[in-house]
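Undergrad: Below is one structure. I have some questions about it.
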Ligand SMILES: [Zn+2]
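Residue numbers (the numbering used here): 271 to 448.
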């Protein structure tokens, strides 16, 4: 599909993690201590889906040290996302929150039935919701609301949500009030 996919063949035989560790040695060999503190320079936290097709730093023009990045399946605002955002704002000085969902998300192919199937298979129902959704715009609005109404976050005036198009690379902003 992409040039990236053809350039790097899928690992056969040896461990993919071994390959990552090897890449890290090369990375560290050229690494210069940037001398940064832990507080994000742009005072922004980005919450995004874990989808492999989204290169957040490239897509948003971000540099090392600029932002906090919180990623999970769907880029949904769960209790654990709120935990990270609370620490980001209260302990590390961020003020803005960017939420990024995307086209063709895997969560649009699931339903909460996924939990039931899990329970049938392993004999235990997970405590977490799948957070599956049909309408990506609506899910972005819900995520914005969850951030804006969290009692733990001191800064909720600059919260914006977007859908990233994985075929064009463009962000489309979602009107939270619609
Ligand atoms: Zn996704």
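Just so you know, even glycine gets a beta-carbon here, dropped at the ideal spot from N, CA and C.
Every value quoted in this text rests on a predicted model; they were computed, and no experiment measured them.
Is it buried or exposed, residue 409, if we count other Cβ atoms within 10 angstroms and call 16 or more buried?
TA: Locating residue 409 in the chain shown gives position 139, where the first residue counts as 1. By the neighbour-count rule (16 or more Cβ atoms within 10 Å), residue 409 is buried.
Undergrad: Return helix, strand or coil for residue 366, following the three-state DSSP convention.
TA: On the chain shown, position 96 is the one that residue 366 refers to. DSSP places residue 366 in the strand class (E or B) of the three-state scheme.
Undergrad: With a threshold of 16 other CB atoms inside 10 Å of the CB of residue 445, please say whether the residue is buried or exposed.
TA: Taking the first residue of the chain shown as 1, we reach residue 445 at position 175. Exposed.
Undergrad: Buried or exposed for residue 428, going by 16 or more other Cβ atoms inside 10 Å?
TA: Against the chain shown, residue 428 aligns to sequence position 158. Counting Cβ neighbours within 10 Å, residue 428 comes out exposed, since fewer than 16 surround it.
Undergrad: Should residue 338 be labelled buried (16 or more other beta-carbon atoms within 10 Å of its own) or exposed?
TA: Taking the first residue of the chain shown as position 1, residue 338 is located at position 68. Buried, because 16 or more other Cβ atoms sit within 10 Å of the Cβ of residue 338.
Undergrad: Do residue 310 and residue 359 have their CB atoms nearer than 8 angstroms?
TA: For the purposes of this step, residue 310 is taken as the residue at position 40 of the chain shown. For the purposes of this step, residue 359 is taken as the residue at position 89 of the chain shown. Against a cut-off of 8 angstroms, the Cβ pair of residue 359 and residue 310 comes out as no contact.
Undergrad: Does the distance from the CB of residue 374 to the CB of residue 436 come in under 8 angstroms?
TA: The count along the chain shown starts at 1 and reaches residue 374 at position 104. The count along the chain shown starts at 1 and reaches residue 436 at position 166. In contact: residue 374 and residue 436 (Cβ atoms closer than 8 angstroms).
Undergrad: CB of residue 305 to nearest heavy atom of ligand 1: below 7 angstroms?
TA: What you label residue 305 is simply residue 35 of the chain shown in a count that begins at 1. No, the beta carbon of residue 305 sits no closer than 7 angstroms to any heavy atom of ligand 1.
Undergrad: Under the criterion of a Cβ to heavy atom distance below 7 angstroms, does residue 337 qualify as lining ligand 1?
TA: As a position in the chain shown, residue 337 is number 67, starting the count at 1. Result no, Cβ not under 7 angstroms from ligand 1.
Undergrad: Just checking, does the stretch 382-399 make contact with the stretch 316-328 on the three C-beta pairs under 8 angstroms criterion?
TA: With the cut-off at 8 angstroms, the stretch 382-399 and the stretch 316-328 do not touch.
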